[in-house]
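Under numbering that gives the first Met the number 0, the final residue of the sequence shown carries the number 163; numbering is consecutive throughout. All C-beta atoms in this analysis are idealised placements derived from N, C-alpha and C, irrespective of residue type, glycine included. A quick note: this is a predicted structure, and the numbers were derived from the prediction, not measured. Inspection log for the structure reproduced underneath, given as structure tokens.
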Amino acid sequence: MGRILIITTGGTIEGQDYNSMENSSVGPTVSIEVFLQSANITYDYTIENAFQKDSRFITDEDRLHLAEKISSSNFDHILITHGTFTMAETAKFLGKLGIEKTIVLVGAFILGTEQNTDAPFNLGYALGSMKHLREGVYVAMHGRIFLWENVRKNLDRNQFEEEF
Numbered sequence: 000m001g002r003i004l005i006i007t008t009g010g011t012i013e014g015q016d017y018n019s020m021e022n023s024s025v026g027p028t029v030s031i032e033v034f035l036q037s038a039n040i041t042y043d044y045t046i047e048n049a050f051q052k053d054s055r056f057i058t059d060e061d062r063l064h065l066a067e068k069i070s071s072s073n074f075d076h077i078l079i080t081h082g083t084f085t086m087a088e089t090a091k092f093l094g095k096l097g098i099e100k101t102i103v104l105v106g107a108f109i110l111g112t113e114q115n116t117d118a119p120f121n122l123g124y125a126l127g128s129m130k131h132l133r134e135g136v137y138v139a140m141h142g143r144i145f146l147w148e149n150v151r152k153n154l155d156r157n158q159f160e161e162e163f
């Protein structure tokens, strides 16, 4: 596997705690770079920001901006940090475009700024899985990989699962 482009979009993985649907202001955040350095990640990666949003506010225009960023990059492996509320929708949007790259979306259920966050595990798992995946769009959460066309977030169980 060559170089990896990590695109950040905001969300819980970065410790963004949105107060309410009406107020999209955030508290303290953590850089994805901090997680990568603390895990001593040696992959050749570049981090770019697409936007910083609670994923409930991500629009198709934002997703198109993300797709353009991916398509115009010279990276074949793309990791997108994303809020979990609409991660499956973004994966489906990107998957339908048929971009010929390996694209993995990852997020966290517990704020990246919290002591017991799942962010570092999910991030490490997503990065480690990338080299074994073919071109396509995937969601990596809690030790599982889902294809874009059959993933959903189960709000009752607060987990990602296959959608049939």
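Residues sharing a beta bridge with residue i, DSSP
i	result
TYR42	According to DSSP, TYR42 bridges with nothing at all.
LYS130	Bridge partners of LYS130: none, in fact.
TYR137	VAL103 and LEU146
ASP78	Sequence inspection shows Leu at residue 78; the Asp mentioned does not correspond to that position. DSSP output for LEU78 lists ILE5 and VAL103 as bridge partner(s).
LYS95	Answer is none; LYS95 lacks a bridge partner.
ASN153	GLN158
GLU47	ILE6
Closer than 6 Å: residue i CB and nearest the ligand GTP heavy atom
i	result
ILE12	As far as ligands go, the structure on display features none, and thus does not contain the ligand GTP.
Nearest residue (CA-CA) to residue i, options the options
i	options	result
ALA87	SER37, TYR42 and LYS152	LYS152
GLY10	LEU146, GLY111 and GLU161	GLY111
ALA38	HIS81, ALA118, ASP16 and LEU65	ALA118
MET129	THR7, PHE34, GLU32 and TYR44	TYR44
PHE145	ARG156, ASP155 and LEU132	LEU132
ILE31	GLU162, VAL150, ASN73 and ASN121	ASN121
ASP16	PHE163, GLN36, HIS141 and GLY82	GLY82
VAL150	SER71, ILE69, GLU162 and ARG156	GLU162
Sequence-distant residues of the same chain with beta carbon closer than 6 Å to residue i, five excluded per side
i	result
LYS52	GLY9
GLU160	ASN153
ILE12	THR80, GLY106, ALA107, GLY111 and ALA118
GLU47	ILE6
ARG62	THR89 and PHE92
Cβ-based neighbour list, residue i, same chain, cut-off 7 Å, excluding 5 preceding and 5 following
i	result
THR116	ALA107, ILE109 and LEU110
ASP75	GLY1, LYS100 and THR101
LEU96	ALA66
Check whether residue i and residue j have beta carbons under 7 Å apart
i	j	result
TYR137	VAL103	yes
Cβ shell of residue i (< 8 Å), same chain only, five flanking positions each side left out
i	result
GLU148	LYS91 and GLY94
GLY135	GLY94, THR101, ILE102, LEU146 and TRP147
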